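K.L.:
Numbering (my numbering), first residue to last: 718 to 864.
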């Protein structure tokens, strides 16, 4: 009888553990999907120059880490995207590889226009479904602009 109780308790504990783990996994996967969705919008903004899309995916205290220093706030990001889009005029963004977890999305990307390509790694940190930090690491082995 004691053995049956022990086995029953162990089964209940195992079921509780598996259920809890499955719930946490689903929550984590949901957050990962939210981050990937927001990241795709961010890439679309860089491709199209439509900065109005940023309002739903960028945190008010967003920090863009650039070679010339940190730029804080969504308005600074909008200005930077507009400048990039006006200067480089990307016609296509190629997403070569994407890695993500519940906090970060990393993209290996190519920004293409008719005459050149900028390739590098984008790293974006998310919190509560909004981007809070961003870094871009250009491919220095080939130079910033390649083709």
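Yeah, the Cβ is synthetic: ideal placement off N, Cα and C, and Gly gets one too.
Predicted model only: the values in this text are computed from it and were never measured.
Under 8 angstroms, do residue 823 and residue 831 count as touching if we go by C-beta distance?
P.N.:
Mapped onto the chain shown, residue 823 falls at position 106. Mapped onto the chain shown, residue 831 falls at position 114. No.
K.L.:
What did DSSP end up calling residue 837 once you bin it into helix, strand or coil?
P.N.:
Counting from one through the chain shown, the residue named residue 837 turns up at place 120. The answer is strand: DSSP assigns residue 837 an E or B state.
K.L.:
Could you compute how far the alpha carbon of residue 756 sits from the alpha carbon of residue 819?
P.N.:
Locating residue 756 in the chain shown gives position 39, counting from the first residue. Locating residue 819 in the chain shown gives position 102, counting from the first residue. Whole-angstrom Cα-Cα distance: 13 angstroms.
K.L.:
Can you give me the C-alpha to C-alpha distance between residue 833 and residue 805, rounded to a whole angstrom?
P.N.:
Counted from its first residue, the chain shown places residue 833 at position 116. Counted from its first residue, the chain shown places residue 805 at position 88. Roughly 9 angstroms between the two C-alpha positions.
K.L.:
Might you give, ordered along the chain, the residues of its own chain that have their beta carbon closer than 6 angstroms to the beta carbon of residue 828, omitting 5 neighbours on each side?
P.N.:
Working through the chain shown from its first residue, we reach residue 828 at position 111. Result list for residue 828: 807, 810, 835, in chain order.
K.L.:
Note down, in chain order, each residue of its chain lying with its Cβ closer than 7 angstroms to the Cβ of residue 770, except the 5 sequence neighbours on either side.
P.N.:
Stepping through the chain shown from its first residue, residue 770 is reached at position 53. These residues qualify, in order along the chain: 758, 761, 762.
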